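To convert, count from 1 in the sequence shown and add 520; that's the working numbering.
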Amino acid sequence: MSSILVIIPARGGSKGISNKNISSLGGKPLLAWTILAAKQVNSIARIVVTTDSPDIAEVAKEYQAEVPFLRPRELALDDTPGMAPLIHAIRWLEEHQNYRPEYVMCLQPTSPLRSARDIETAIEIALEKDADGVVSVAPVKQHPEWMKQVDAEGRLQDYLASEQLAIRRQDLSAIYALNGAIYMARRHIVLEKMTWYTHETYAYVMPTERSIDIDTPWDLHLADMILRDRENDATDRHP
């Protein structure tokens, strides 16, 4: 079995939602849902939260994730590149603990509906294909062939200029978008290429209903309702 490190990036600052990563969601902090899903996956060796916030670190430890360091402030700014805190965490673990996993998986806390089975399936794909990486995607809600744009005068125009655009939904080609839930790659690729993508990166297609990415208060409200409905359904089945 390959060694798999999960890194959960959870900085303190957030423009859209104050203290977003520890906002209450379905009766738990947002961050907790990702930690709890990862902890159900036996093939994961370690779960490390990288954060600059002592409050987030405390919540992470409460749910039994590791927080071996606090992220430097310069790696927790609005314009910090997304890979920077992950590379910092990988190098910190190597330098301070001599830890070098084969694969690194990034699980963003803003995907609370992602399940343990989603994580397991992404890992299974990586191992079965001997892949450089696996990234989760979801079917697009609005197909680009049916999108429009508005010109400077207010006229509606096709976004894709083509006389062969599909008219019927069943004729549309399958298109997917990154859903932000799972990023996985070999450690050396993340460090050397600073990307999740090579020619040997495979897709894990997640259903739309588990692909909500928390960015706005409305996203948080919607996910909260879904998680509370799940809890009520579970209670009804097991009184």
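From the three backbone atoms N, C-alpha and C, an ideal C-beta is built for every residue, glycine too. Keep in mind it's a predicted model, so treat the numbers as computed, not measured.
Item to check | Beta-carbon contacts of residue 554 that lie in its chain and below 8 Å, excluding the five residues immediately before and after | outcome: 528, 627, 628, 629, 631, 632, 634
Checklist entry - Is it right to say residue 723 is buried, meaning 16 or more other beta carbons lie within 10 angstroms of its own, or is it exposed? => result exposed
Checklist entry - What do you get for residue 725, buried or exposed, if any count of 16 or more other CB atoms within 10 angstroms of its CB means buried? => result exposed
Next on the checklist: Using CA atoms only, rank isn't needed, just tell me which of 646, 678, 637, 697 is closest to residue 661.
Outcome noted: 697
Checklist entry - Under 8 Å between the Cβ atoms of residue 539 and residue 551? => result No; because the gap between Cβ atoms is not below 8 Å, this pair is not in contact.
Checklist entry - Since residue 769 and residue 566 are thought to touch, with beta carbons under 8 Å apart, how far apart are those beta carbons, to the nearest angstrom? => result Outside the shown range of the chain (521 to 759) lies residue 769, about which nothing can therefore be said.
Checklist entry - Around the C-beta of residue 707, are 16 or more other C-beta atoms found within 10 angstroms, so that it is buried, or is it exposed? => result buried
Checklist entry - Which residue from 672, 734, 549 puts its Cα closest to that of residue 700? => result 734
Checklist entry - Alpha carbon to alpha carbon, what distance is there between residue 715 and residue 671? => result The straight-line gap from Cα to Cα measures roughly 35 Å.
Next on the checklist: Rounded to the nearest angstrom, what separates residue 599 and residue 744 at their Cα positions?
Outcome noted: Straight-line spacing of the CA atoms in residue 599 and residue 744 works out to 28 Å.
Next on the checklist: Less than 6 Å between C-beta atoms, sequence neighbours within five positions excluded: which residues of the same chain meet that for residue 530?
Outcome noted: 541, 551, 569, 571, 576, 629
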